[in-house]
Amino acid sequence: MSRYRSIVKLLEANTGARRLANIFDDFVQMSALSFRNSVDSRHHAEREVQYLRTAGGYTPKQLDRFAEALALVVMTMEEEPGDVLGRLYMELDLGNERLGQFYTPYDVASLLAGMTIDTLSAQIAVRGFAQVYEPACGAGAFLVAMTQEMRRAELDYQRQLHVTAEDISAQAVHMTYIHLTLLHVPAIVYRRNTLTQETFDAWRTPAHVLGGWES
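If you're matching positions, the sequence shown starts at 604 in the numbering used here and goes up one per residue.
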């Protein structure tokens with residue numbers, strides 16, 4: 604059984620009376636909150652309350668399944684980096700449940716990333732690092748693909764890249780944050796309305812916090 608299929612089965616086993624879409628939402632939310640609270644002291648207590656509120660709706664066995672699913676996501680990102688959560692979203696057939704919400708296929712994201720690697724290389728040559736801004740980041744497929752293009756170009760995306768991403772969808776923010784956290788990319792992922800510029804939250808990855816990018 605593929606690792607993706609194993610994750611799908613774990614999440615499906617947690618449905619009970621809940622819709623699978625809600626299970627996936629809770630999975631990415633709790634995973635993102637766990638990573639963020641390990642390093643970001645801003646509003647830590649509020650996020651802990653949010654985590655416990657969500658976790659309180661599940662049995663210990665169901666929470667164990669979430670933990671096992673996250674461990675498989677981590678292993679997949681370590682061994683074969685890609686848009687793991689976006690692929691899971693589509694394999695769970697959730698795109699049809701969200702009023703036409705679909706995330707960019709990873710092969711398309713890889714093509715786009717390949718077209719911009721020269722620009723990033725030029726930035727690094729001048730400044731020592733590159734900055735990437737991604738509005739409407741979705742699951743973060745383009746950003747993940749960009750890190751892999753940098754790796755192939757023998758550039759260090761953990762030290763020579765800083766990402767600013769945003770999306771109005773909390774789910775998208777959580778997915779992008781998890782991907783960039785697992786890749787150790789310095790980044791801030793904003794939950795923001797790009798039309799009104801209203802910002803609801805800012806998710807700083809561990810690499811951003813620990814790497815001194817605030818200064």
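A virtual CB, placed ideally from N, CA and C, is assigned to each residue, including glycine.
Spatial neighbours of Leu715 in its chain, beta-carbon cut-off 8 Å, leaving aside the 5 residues before and after
Taking the first residue of the sequence shown as position 1, residue 715 is located at position 112. Excluding five sequence positions before and after Leu715, the CB atoms of its chain that fall closer than 8 Å to its own CB belong to Phe745, Ala748, given in chain order.
For Thr784, the three-state DSSP class (helix, strand or coil)
Taking the sequence shown and counting its residues from 1, the one referred to as residue 784 is at position 181. If DSSP states are grouped into helix, strand and coil, Thr784 belongs with the helices.
Boundaries of the beta strand (DSSP E) in which Phe803 is found, first to last residue:
As a first step, residue 803 is located in the sequence shown; it is residue number 200 there, counting from the start. Taken as a continuous stretch (DSSP letters only), the beta strand (DSSP E) holding Phe803 covers 801–807.
Is the beta carbon of His563 less than 9 Å from the beta carbon of Ala756?
With the chain covering 604 to 818 only, the question about residue 563 has no answer from this structure.
With a threshold of 16 other CB atoms inside 10 Å of the CB of Tyr581, please say whether the residue is buried or exposed.
Residue 581 lies beyond the stretch modelled for the chain, which goes from 604 to 818, so this question has no answer here.
Out of Leu695, Met778, Asp629, Asp721, point me to the one whose CA is closest to Leu758's CA.
Along the sequence shown, read from residue 1 onward, the residue named residue 758 stands at position 155. Distances from the alpha-carbon of Leu758 to those of Leu695, Met778, Asp629, Asp721 put Asp721 closest.
If you follow the alpha helix (DSSP H) that His865 is in, where does it begin and where does it stop?
The requested residue 865 is not part of the displayed model; the chain covers only 604 to 818.
With respect to the alpha helix (DSSP H) encompassing Ile610, which residues constitute its N-terminal and C-terminal limits?
Your numbering for residue 610 matches position 7 in the sequence shown. From DSSP, the alpha helix (DSSP H) with Ile610 extends over 606–615.
Regarding Leu613 and the ligand FAD, is the C-beta to nearest heavy atom distance less than 8 Å?
With respect to the ligand FAD, the structure offers nothing, as it holds no ligand at all.
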